[in-house]
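If you read the protein sequences in the order shown, they are chains X and B. Quick note: the first sequence, position 215, residue 215 per the working numbering, numbers continuous. Quick note: the second sequence, position 457, residue 783 per the working numbering, numbers continuous. The C-beta atom is built at its ideal place from N, Cα and C for all residues, glycine as well. Quick caveat: nothing in here was measured; it's all calculated off a predicted structure. As structure tokens, the structure follows; a few thoughts come after it.
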Amino acid sequence: MSAFLEVVELAKQWSHTVTVGPISLGIGRGEIVALLGPSGSGKTTVLRLLAGFETPDAGRIAVEGEDVTGVPPARRRFGMVFQHYALFPHLDVGENVAFGLAASGERGAVMAKVAQVLALVDLASFERRKVQELSGGQQQRVALARALAPEPRVLLLDEPLSNLDPALRERTRRELRALIQRVGITTLFVTHEQEEAFDLGDRVAVLNGGRLEQLGTPDELYERPASLFVATFVGRANVFRGRAARAFGGREGETIVVRPERLRFADAGFPGVVRERRYTGPAAFFLVEGDDGVRFEVQAEPDAATVGQRVYVQAARTTGFVEPAP
Amino acid sequence: MSRRRYLGELALTLLLGWLVLYPIAILALEAAAPGAWRDFVGRPGEWRALWATIWISVASVALAAVIGVPLAFLFEWLEFPGRRTLGSLIALPAVLPPFVGVIAFLFLYGESGFVARAVQALFGLEQSPWRLQGAAAILLVHAYSMYVYFYLFTRAGLAKLDWSMLEAAQALGAGRWATLRRVTLPLIRPSLAGATLLVFMTALGSFSAPYVFGGGFRVMTTQIVASKLNGELALATVETVVLAVVAIVGLALLRRGEGEDILVALGKGTAPRRRPIRRAGVRGLATAAGWLFAVLLLLPHLTLLLVSLVPYGSWTTETLPPVLSLVNYRRLFAEPARLEPLLNSGWMAAVSTLGAVALALVAGELLRRRSPGAWRHPIESLLALPWALPGTVFAIALAATFSVHSPLTLRWVLVGSVTLLPLAYLVRNLPVTGRAVLAGYRQLDPALEEAAASLGAGRWATFRRVTLPLLKPALAAGGSLAFVAALGDFVTSIVLYTYDNRPISIEIMSSLRVSELGVAGAFGVILMLASALVLGIGARR
């Protein structure tokens, strides 16, 4: 099956040292994909290349088989929600939402469409409100409504939740996902938060240093990371080398990654001393210093050990990433 | 509010009222005298001048916008060789006294200017090919000197623009023109409105260009001065009141057009990026246009420099002056009678600037408390009022007020004394120093004053050791602008000068009248250099 949105060997060189790509992605119709990576990893550049605000040096972008690489943003029919929303301050909510429609239809139809889209984002009858008067969450929904109104083929979101306060973020995340699924639009969004990427995305593309490290479902990224970077960037992870690696089931020369919840205290195993305990409610993280000086985290019952206690650690399962001996 | 502060504010309000409002009130009262209006209403020339003032001002706004706005887009959005240098060069007309620009124009494009001579020589003409006179000449000078407001304001507006707005418009299907029309221009509307207001008010009060180039074509400012010189004082008073009313109505209309909605982008947005011009041909064209424009703009001032080097009587029919020497400058400094105008302008500008800055500081100090004082609004309005009225209006009003000895009504005879002109400069400069100093005070953190107090500093010590040093940039900016305006002033001077305090601009005029072009040029160059120097110092942080 060929993908709805296809990105092939897309590359953009910023300077001699900074390059994004080449990146290849295939995204199915209606799929939600997160672009996840640390700052400077090129995720926003990829989004802007897709939107057409940046011109790639190489590669191509196709929607339903139609090559859109050279199509200017105005005719690409990709909707975009900007990080700071970019709502037009000289227009009211209704005029903002109608902006992409104005050229296409007669007045009654435009107004009906605006009302329909605003209802979709739960802002029915907000047409005549000024955008400055809205709360952060409402502004975000107006931006979303504005992007969706012209019925774009692909929706692009740049850090859609970063401007909201943490309390609002989680609720908005769920609403956003429900909304996107209801509309059924193919969506790409940029985030630097793993939780957001996992919660909102059907699949997650992890970027690092301008390159695509891995594209997969959250489960795949967590359970079968394709690189040491993905293993350590996604979720908490202990990296073991040498003797410690062998103690947890690695072979000679291998580097292994074991998640804190896959380690447990036992009567025998890798020896160490508990240096810190961080209580999180249902469990606690114990920072253990191994006899060879390696420090790692173990997640266990809150009363499993105390600071200063000598412990032995075993791996329940050697999951995560195994880098073979060189 | 403490009693002392209340009394302080009251005293300042009364002082400013006496300086700013009282003369206008006297003027209005005198204009209300029966019979004063008969001449104005009855003479068609008056109505023609009034109409000319209005349409010249509107046309000046249009011309300045047509030049300034595209230039701003060119320099703010595109990247091409020489952009930085040229970008600041073409802002130059803003920093030079308008009167110097007018004289420079005369030397360059006037009847016997360089361009006319060149054309005459080229085609072997008997006479000068044109006369730089009338409405067209005035508009040319206005466009040249006032496009800068549109250029600077538009650039500032574009620089603040949130780039993601434009991208959002594109993502929603708007093409380049639609984005410009529906997003960019509405967003920079406050800048455009500000420039419109400034150009309109400047053109309305413009005197130098109509005076030098108007000929038989009169606007209100030149009409007023002519009436006064003819001894028709009642008529001059009525004309002045009419001009003041036009100014206030214009200001009110434009303010209304400015709108009240504050167009603040939400969030921090992204800064605009300059686009390099990719096509070599277009890039070359933009660069060439930029340089050509810069040369065109600098040409008048270079001309002034050249003319200042021409000895008296040595240049008659030749296209270019045959002899160049520094003799004019030597005469300026060797002959006491010629040096005097320089000294006069110097001390009057200094004294009036100090006075205007001092009054602004007093206002700032009184109004700095966070609780709004009872007199905040009147004080701020009085400080700003002289900006709303043309210089001619204030000059006539001051002349009317201080030509009567009546201490009980706070009027003394100052006409004919050397004090009236610097007093007029001071009043004219109150808006500039007031705005700069009050803005400086607004940026002060009130906690600093409290910190100084908690460390044992008294009010005066706090002012001297904390407030003044922090206000230095604002004082330098406001003070240098005020000084330069006073140094180059022509419009107030021509109404109020006496022989003993004749300033540079008046001396330039009389040099021109006796055809001492070189001396006039030398005065102009010195005025130009002094202005540039002072503004350079004022802009340094």
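Cα-Cα separation between residue i and residue j, rounded to whole angstroms
i, j, result
"X/L298", "X/V313", "According to the sequence provided, residue 298 of chain X is Val. The question's Leu does not apply to it. Taking the straight line from one Cα to the other gives about 8 Å."
"X/D267", "X/V311", "8 Å"
"X/Y279", "B/L796", "50 Å"
"X/V93", "X/Q83", "18 Å"
"X/F233", "B/M472", "58 Å"
"X/S15", "X/G52", "19 Å"
"B/A762", "B/L861", "14 Å"
"B/Y435", "B/L631", "15 Å"
"B/V567", "X/Y85", "51 Å"
"B/L665", "B/M835", "15 Å"
"B/W713", "B/T788", "32 Å"
"X/G293", "X/E193", "31 Å"
"X/T19", "X/K43", "12 Å"
"X/R146", "X/I185", "14 Å"
"B/R364", "B/T563", "13 Å"
"B/G847", "B/T643", "19 Å"
"B/W701", "B/L347", "15 Å"
"B/Y537", "B/P360", "30 Å"
"B/D587", "X/H90", "Because B/D587 carries a pLDDT of 48, less than 50, the predicted location of this residue cannot be relied on, and the following value inherits that uncertainty. Roughly 8 Å between the two C-alpha positions."
Three-state secondary structure assigned by DSSP to residue i
i, result
"X/L287", "strand"
"X/Q62", "Here residue 62 of chain X turns out to be Ala, not Gln, going by the sequence shown. Three-state result, X/A62: strand."
"X/G327", "Within the shown structure, residues of chain X are numbered from 1 to 326, placing residue 327 of chain X beyond reach of any answer."
"B/S732", "strand"
"B/G557", "coil"
"B/E405", "strand"
"X/F270", "strand"
"X/F233", "helix"
"B/G499", "coil"
"B/F720", "helix"
"X/M1", "Because the pLDDT at X/M1 is just 47, under 50, the model does not fix this residue reliably, and the value given afterwards should be weighed accordingly. X/M1 falls in the coil class under three-state DSSP."
"X/T19", "strand"
"X/D67", "strand"
"B/E776", "helix"
"X/E297", "strand"
"X/V322", "strand"
"X/D122", "coil"
"B/F543", "coil"
8 Å contact criterion, which residue i and residue j should meet: CB distance rounded
i, j, result
"B/V744", "B/F728", "In fact, because the Cβ distance is near 13 Å, the residues do not count as touching under 8 Å."
"B/L309", "B/G690", "Shown here, chain B extends from 327 to 867; a query on residue 309 of chain B therefore has no answer."
"X/E159", "X/V206", "Their Cβ separation, rounded to whole angstroms, is 16 Å, which puts X/E159 and X/V206 out of contact at 8 Å."
"B/A519", "B/S383", "Not confirmed; about 15 Å, so no contact."
"X/R262", "X/A316", "5 Å"
"X/P225", "X/V204", "Actually they do not touch by this definition, with Cβ atoms about 11 Å apart."
"B/P667", "B/V649", "Actually they are not in contact, since the Cβ atoms of B/P667 and B/V649 sit about 25 Å apart, beyond 8 Å."
"B/G857", "B/G814", "The displayed chain sequence assigns Ser, not Gly, to residue 857 of chain B. Yes, they are in contact, since the Cβ atoms of B/S857 and B/G814 sit about 6 Å apart, within 8 Å."
"B/G531", "B/G717", "6 Å"
First and last residue of the uninterrupted alpha helix (DSSP H) at residue i
i, result
"X/D219", "P218 to E223"
"X/I256", "X/I256 -> not in any alpha helix (DSSP H); beta strand (DSSP E) instead, spanning T255 to V258."
"X/V97", "V93 to A98"
"B/H703", "R702 to A714"
"X/N163", "Careful: X/N163 lies outside any alpha helix (DSSP H) and carries neither H nor E."
"X/F53", "Careful: X/F53 lies outside any alpha helix (DSSP H) and carries neither H nor E."
Boundaries of the beta strand (DSSP E) in which residue i is found, first to last residue
i, result
"X/D158", "V154 to D158"
"X/K12", "L5 to Q13"
"X/A205", "R203 to N208"
"X/F78", "F78 to V81"
"X/F240", "N238 to F240"
Sheet register partners of residue i (DSSP bridge)
i, result
"X/F189", "X/A34 and X/L157"
"X/D303", "Per DSSP, none; premise fails for X/D303."
"X/Q314", "X/R264"
"X/Q214", "X/V206"
"X/Y328", "This structure cannot settle anything about residue 328 of chain X, because the visible part of chain X is limited to 1 through 326."
"B/I832", "DSSP, once it has assigned bridges, lists no residue as partnering B/I832."
"B/R601", "B/L404"
"B/R737", "B/S732"
"B/K486", "Answer by DSSP bridge pairing: none, since B/K486 is not bridged."
"X/K130", "X/D92"
Near the ligand MG: residue i beta-carbon under 7 Å from a heavy atom
i, result
"B/F720", "Inclusion of the ligand MG in the displayed structure is not the case, the ligand content being empty and no account of it being possible."
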